[in-house]
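Q: The structure under discussion is supplied below as structure tokens; questions concerning it will follow.
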Amino acid sequence: NAGVMQNPRHLVRRRGQEARLRCSPMKGHSHVYWYRQLPEEGLKFMVYLQKENIIDESGMPKERFSAEFPKEGPSILRIQQVVRGDSAAYFCASSPGQIGSGEQYFGPGTRLTVT
Amino acid sequence: AQSVAQPEDQVNVAEGNPLTVKCTYSVSGNPYLFWYVQYPNRGLQFLLKYITGDNLVKGSYGFEAEFNKSQTSFHLKKPSALVSDSALYFCAVRDMGNQGGKLIFGQGTELSVKP
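Those protein sequences? They're chains A and B, same order as listed.
Be aware that the first sequence starts at 86, since it is given in our numbering, and climbs by one per residue.
Be aware that the second sequence starts at -5, since it is given in our numbering, and climbs by one per residue.
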């Protein structure tokens, strides 16, 4: 039973380019969460999605960032016109459902470096 | 607003000694509390959770945590530390608000176990 998959594991972008981060949840999980870990900081929530729906995007920067979780395929976190401050580790987590006690299962992360 | 705090950035323990990593929380209603561990350049691994029931929760790798409602604490403990326990530990609370599901993390505690 494969865990949460994220790719790429490392991504280098120049300022102004676009970054696309992919997340495939665990089998049977329909809820995906994205978190960002800045250097020397804890994880901060960005967005919570179910298939084809954004449920909570309260942690997403207002500009340049978007996320989707289509009916088929992985969830995508897209960062347009990257800046150096976007350099961070981006983690995806999945769970089988929203409600209650279930823990979230985390992927290995994508480490984005903006040069 | 719900929050967790980890008052220690770093905890140093000798191998074989007991360890405690502290966490306090602030929530409205009943808390859903979690501990995760992060090894270098890896994702987060779930250790244990408190939802309801016994105040002493047992988890993976010999870890346990004690829920104390009066002190609003959820400290992580292990009777005998191993060098391999050295890692970054995060306490988290699940946000059960209207858009429920996201985890709110503490800033993390670096555990160093010396031989």
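For every residue, glycine included, the Cβ atom is placed at its ideal position computed from N, Cα and C.
Given the structure is predicted, the values throughout are model-derived calculations rather than measurements.
From the DSSP output, in three-state form, read off B:S54 for me.
A: In this structure, B:S54 counts as helix in the three-state DSSP scheme.
Q: Measure the CB-CB distance between B:Y26 and B:I45 and report whether it falls below 7 angstroms.
A: Going by beta carbons, B:Y26 and B:I45 fall inside the 7 angstroms limit.
Q: Quick one: does A:P193 have its CB under 7 angstroms from some CB of chain B?
A: yes
Q: Determine the closest residue to A:S151 out of A:P110, A:G158, A:S143, with distance taken between C-alpha atoms.
A: A:S143
Q: As an exercise, report each continuous beta strand (DSSP E) stretch of at least 3 residues that is fully enclosed by the stretch 119 to 151 of chain A, in chain order.
A: 128 to 135, 138 to 141
Q: How big is the Cα-Cα spacing for B:K71 and B:Q0?
A: For B:K71 and B:Q0, the gap between their C-alpha atoms comes out near 14 angstroms.
Q: With a Cβ-Cβ cutoff of 7 angstroms, do B:E110 and B:V87 count as a contact?
A: Since the first residue of chain B shown is -5 and the last is 109, residue 110 of chain B is not available in this structure.
Q: According to a CB-to-CB cut-off of less than 7 angstroms, which residues of the stretch 21 to 37 of chain B neighbour chain E?
A: As a matter of chain content, chain E is missing from the structure shown, whose protein chains are A and B.
Q: For A:N138 and B:Q65, what's the separation of their Cα atoms in angstroms?
A: Those two C-alpha atoms are separated by around 39 angstroms.
Q: Secondary structure at B:V87, three-state DSSP: helix, strand or coil?
A: Strand.
Q: Taking only the alpha-carbon atoms, compute the straight-line gap between A:P193 and A:F176 and give it to the nearest angstrom.
A: 7 angstroms
Q: Can you tell me whether DSSP reads B:S78 as helix, strand or coil?
A: Looking at B:S78 - three-state DSSP - the assignment turns out to be helix.
Q: Quick one: is B:K96 near chain A, going by C-beta distance under 7 angstroms?
A: yes
Q: Please list, in chain order, all residues of the same chain as A:R94 whose beta carbon is under 8 angstroms from its beta carbon, the five residues on each side excluded.
A: P193, G194, T195, R196
Q: Quick check on this structure: which residue in A:A178, A:E126, A:A174, A:C108 has the alpha carbon closest to the alpha carbon of A:S160?
A: Of A:A178, A:E126, A:A174, A:C108, the smallest CA-CA separation from A:S160 is found for A:C108.
Q: Does the Cβ of B:K96 have 16 or more other Cβ atoms within 10 Å, making it buried, or fewer, making it exposed?
A: buried
Q: At the level of alpha carbons, what is the spacing between B:V77 and B:V7?
A: 9 angstroms
Q: Can you give me the start and stop residues for the beta strand (DSSP E) that B:Y44 sits inside?
A: 38 to 44
Q: Helix or strand or just coil, what does DSSP make of A:R72?
A: Within the shown structure, residues of chain A are numbered from 86 to 200, placing residue 72 of chain A beyond reach of any answer.
Q: Could you check the C-alpha separation between A:G113 and B:V15 for me, to the nearest Å?
A: 33 angstroms
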